[in-house]
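Chains as they are written, first to last, in this note's numbering: chain A, 84 to 286; chain B, 714 to 934; chain C, 156 to 426. To start, the structure under review is shown below, and the notes come after it.
Printed below as a string of structure tokens:
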């Protein structure tokens with residue numbers, strides 16, 4: 084369950100993004116065409132980007148508040164972020180990527196099983212397919228036991244035929260791990276099967 | 714190649730190796746600062762770092778001579794604990810370090826700048842602290858740039874002359890590097906002897922370029 | 156958290172880094188070993204000498220080593236650079252300068268052991284031309300009938316300072332000034348003349364004898380007393396004072412004097 088409260092404004096040149104939402108859900112979908120600021124929103128929540136003004140709260144925890152001069156650094160937010168192109172560390176193999184964050188040893192086995200990564204563990208990350216990269220990135224983020232998992236267009240780098248293969252993994256995470264998700268996409272259809280609620284961005 | 718030429722060559726290479734080793738940590742620190750951080754006075758730092766590149770080496774040598782001489786607080790402090798710099802091998806290493814520093818720092822900076830910052834961001838969301846990110850993500854991914862910088866710095870140190878002769882002198886057996894040796898021999902009318910030093914210098918230059926090219930080639934997929 | 160790395164790629168990297176570290180470690184160790192001779196024994200005598208006397212000093216130092224077993228390390232350079240180094244505290248034991256001005260600077264800085272400064276040698280100017288030049292007279296030069304004249308930098312290099320003084324004395328400086336090509340060292344002047352890049356050059360008489368150039372005139376001390384080209388020598392304050400004093404005595408002795416004479420240097424008592 085996320086109890087996410089967002090009230091932020093971000094300006095970049097002429098582009099202004101204003102988001103005001105309060106959600107208590109397991110999976111929050113964020114829908115919007117490209118350029119509508121979806122990634123910027125996720126980056127703000129993760130702590131990678133700083134909004135110009137506003138407030139971000141999860142439950143009672145204030146992650147960001149321009150009025151209160153609070154900006155919790157990313158490493159302290161316990162928020163998992165799976166970016167659009169996975170961004171696996173090229174200088175490490177799959178196993179090392181997954182184990183990178185602060186984690187509990189026991190989680191490794193179960194996550195590898197849930198995401199079917201056993202055969203990939205010793206592989207170099209540069210040779211993986213889009214879908215494989217996504218799954219590794221998800222495992223990497225989940226290893227740190229985040230309070231929320233942010234997924235930025237998880238199916239964007241995957242072939243259309245393969246999409247049905249990835250989606251079940253995401254559903255598994257929701258079902259077996261109970262990690263709240265924020266799922267960002269431009270494709271409404273993806274959200275149908277997964278989101279409890281949809282936040283729409285854009286004109 | 715005479716025994717003396719071999720001794721001078723070995724001395725020069727060892728000094729350049731030592732200088733490069735010692736200059737890498739500060740150059741990496743400064744290169745990282747300039748690549749990743751903004752702060753008041755950043756332009757000033759950039760200028761100071763570039764000074765040895767822009768000033769004629771003799772001017773740099775003069776500055777070092779003053780800094781480590783008996784009239785400066787640093788020189789006096791060192792003298793008090795019995796450390797001699799001027800006219801010793803330490804002055805050779807020092808000049809090499811100062812002269813090559815901007816080259817190494819710039820290469821490091823360029824190497825780090827081309828590392829996608831998003832990797833560092835992701836690492837932060839995974840709970841890694843700044844130093845860990847630097848150690849496990851940024852520097853490894855910038856390693857080629859850093860290595861290239863080290864080779865560049867080493868090459869420059871090998872050929873360093875203007876500052877060296879100022880602070881270290883041209884004392885045979887003690888501070889005579891290849892470059893200083895060539896100059897002194899020519900100056901005192903012994904060009905023939907200078908030739909063998911010249912050939913060794915050229916060979917070392919080839920070696921350095923060879924290593925540098927290998928580093929660049931390994932970068933290509 | 157330790158990063159578990161087991162790929163070939165990473166292993167090669169680690170191996171390469173280890174090798175590099177080993178090499179560096181060796182380098183540092185040996186470099187330190189180099190420093191031991193300097194630190195463990197009292198530093199040998201370093202003599203800073205002007206470039207124009209280096210050859211002579213080299214020969215004499217070899218004699219000195221043969222007779223006393225003491226090695227004198229010679230630091231050759233331009234007198235102004237040498238003086239600057241000594242003023243800033245370089246531990247040279249002896250200084251032989253190509254002119255009094257630089258020695259004055261060192262003395263003023265309090266770096267000379269009192270009572271040790273003396274005139275060691277004298278020299279004379281010579282005008283030289285390329286060996287291929289058939290006809291050239293001093294009169295030509297003084298009339299300004301010359302395209303290019305090589306000299307040491309007239310404001311800084313001792314040989315250049317003297318050269319200008321001579322030309323001024325002859326009333327020829329105004330005519331010749333525009334033809335002057337300044338060089339940072341006498342060696343460079345000689346090279347230019349040897350290669351025929353200039354019509355004539357002003358150097359020391361002692362340099363002219365060792366080069367492939369033709370001497371067309373020498374400004375003798377008798378005829379040109381205002382050109383007092385002297386090489387002062389002095390013992391520098393520091394740990395090598397005693398050694399330096401002994402070496403200076405040797406330089407004043409007959410064996411050294413023979414070497415200086417042979418190479419064309421004048422004796423200090425000649426005025």
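Just so you know, even glycine gets a beta-carbon here, dropped at the ideal spot from N, CA and C.
Among the candidates the options, whose CA atom is the shortest distance from the CA of residue i?
i, options, result
"residue 777 (chain B)", "C:239, C:215, C:348 and C:256", "C:239"
"residue 741 (chain B)", "B:808, B:717, B:862 and B:888", "B:862"
"residue 728 (chain B)", "B:901, B:916, B:898 and B:807", "B:807"
"residue 237 (chain A)", "A:147, A:99, A:140 and A:221", "A:221"
"residue 248 (chain C)", "B:718, B:758 and B:884", "B:884"
"residue 89 (chain A)", "A:274, A:176 and A:148", "A:148"
"residue 152 (chain A)", "A:199, A:184, A:135 and A:189", "A:135"
"residue 405 (chain C)", "C:309, C:357, C:381 and C:220", "C:220"
"residue 100 (chain A)", "A:107, A:91 and A:203", "A:91"
"residue 205 (chain A)", "A:212, A:175, A:129 and A:165", "A:175"
"residue 280 (chain A)", "A:102, A:95, A:110 and A:104", "A:110"
"residue 227 (chain A)", "B:749, B:841 and B:786", "B:841"
"residue 732 (chain B)", "B:775, B:780, B:813 and B:762", "B:813"
"residue 159 (chain A)", "A:129, A:173, A:142 and A:282", "A:129"
Tell me the rounded alpha-carbon separation between residue i and residue j.
i, j, result
"residue 824 (chain B)", "residue 765 (chain B)", "21 angstroms"
"residue 322 (chain A)", "residue 170 (chain A)", "Since the first residue shown for chain A is 84 and the last is 286, residue 322 (chain A) is missing from the structure and cannot be characterised."
"residue 811 (chain B)", "residue 906 (chain B)", "29 angstroms"
"residue 204 (chain C)", "residue 228 (chain C)", "10 angstroms"
"residue 768 (chain B)", "residue 760 (chain B)", "11 angstroms"
"residue 235 (chain C)", "residue 260 (chain C)", "9 angstroms"
"residue 229 (chain A)", "residue 738 (chain B)", "35 angstroms"
"residue 321 (chain C)", "residue 383 (chain C)", "11 angstroms"
"residue 934 (chain B)", "residue 207 (chain A)", "Caution applies to residue 934 (chain B), whose pLDDT of 48 falls short of 50 and renders its modelled position unreliable; the value that the coordinates give is listed next. Each residue's Cα considered, the two are about 14 angstroms apart."
"residue 254 (chain A)", "residue 132 (chain A)", "28 angstroms"
"residue 242 (chain C)", "residue 799 (chain B)", "11 angstroms"
"residue 722 (chain B)", "residue 200 (chain C)", "24 angstroms"
"residue 296 (chain C)", "residue 268 (chain C)", "43 angstroms"
"residue 189 (chain A)", "residue 201 (chain A)", "15 angstroms"
"residue 276 (chain A)", "residue 818 (chain B)", "53 angstroms"
"residue 724 (chain B)", "residue 892 (chain B)", "12 angstroms"
"residue 827 (chain B)", "residue 285 (chain A)", "32 angstroms"
"residue 908 (chain B)", "residue 849 (chain B)", "47 angstroms"
"residue 875 (chain B)", "residue 339 (chain C)", "14 angstroms"
"residue 787 (chain B)", "residue 794 (chain B)", "11 angstroms"
"residue 379 (chain C)", "residue 325 (chain C)", "10 angstroms"
Classify residue i: buried if its beta carbon has 16 or more other beta carbons within 10 angstroms, exposed otherwise.
i, result
"residue 317 (chain C)", "buried"
"residue 744 (chain B)", "buried"
"residue 261 (chain A)", "exposed"
"residue 851 (chain B)", "buried"
"residue 716 (chain B)", "exposed"
"residue 796 (chain B)", "exposed"
"residue 802 (chain B)", "buried"
"residue 751 (chain B)", "exposed"
"residue 895 (chain B)", "buried"
"residue 122 (chain A)", "buried"
"residue 834 (chain B)", "buried"
"residue 347 (chain C)", "buried"
"residue 770 (chain B)", "buried"
"residue 166 (chain A)", "buried"
Beta-carbon within less than 7 angstroms of residue i's beta-carbon, same chain only, minus the 5 sequence neighbours each way: which residues are those?
i, result
"residue 291 (chain C)", "284, 355 and 371"
"residue 860 (chain B)", "928"
"residue 837 (chain B)", "846"
"residue 140 (chain A)", "88 and 146"
"residue 911 (chain B)", "895"
"residue 310 (chain C)", "none"
Once the 5 residues before and after residue i are set aside, which same chain residues still bring their CB inside 8 angstroms of it?
i, result
"residue 423 (chain C)", "273, 274, 275, 276, 277 and 385"
"residue 412 (chain C)", "422"
"residue 300 (chain C)", "none"
"residue 414 (chain C)", "211, 214, 215 and 218"
"residue 783 (chain B)", "789 and 792"
Can you list, in chain order, the residues of its chain with a C-beta nearer than 6 angstroms to that of residue i? Leave out the 5 residues immediately preceding and following it.
i, result
"residue 395 (chain C)", "200 and 248"
In the stretch 797 to 809 of chain B, which residues sit with their C-beta less than 7 angstroms from some C-beta in chain C, listed in chain order? The residues in question are 797, 799, 800, 801 and 802.
Mind listing which residues of the stretch 893 to 910 of chain B have their C-beta closer than 8 angstroms to chain C's C-betas, in chain order? Of all residues in the stretch 893 to 910 of chain B, only 897, 899, 900, 901 and 902 come within less than 8 angstroms of chain C when Cβ atoms are compared, listed by chain position.
Residues, ordered as in the chain, of the stretch 260 to 272 of chain C that lie near chain B by beta-carbon distance below 8 angstroms: Cβ contacts with chain B: none found.
What are the residues of the stretch 820 to 852 of chain B that lie near chain A, defined by any Cβ-Cβ distance shorter than 8 angstroms? Listed in chain order, the positions of the stretch 820 to 852 of chain B with a beta carbon within less than 8 angstroms of a beta carbon of chain A are 829, 831, 832, 834, 835, 836, 837, 838, 839, 840, 841, 842, 849 and 850.
Determine which residues of the stretch 353 to 383 of chain C have a Cβ less than 9 angstroms from any Cβ of chain B, and write them out in chain order. Result list: 362, 365 and 366.
Closer than 9 angstroms, Cβ to Cβ, to anything on chain C: give me those residues from the stretch 714 to 727 of chain B, in chain order. Those residues of the stretch 714 to 727 of chain B placed with their C-beta closer than 9 angstroms to a C-beta in chain C are 723, 724, 726 and 727, ordered along the chain.
Relative to chain C, which residues along the stretch 768 to 786 of chain B have a C-beta separation below 7 angstroms, given in chain order? Of all residues in the stretch 768 to 786 of chain B, 778, 779, 782, 783 and 784 have a Cβ within less than 7 angstroms of some Cβ in chain C.
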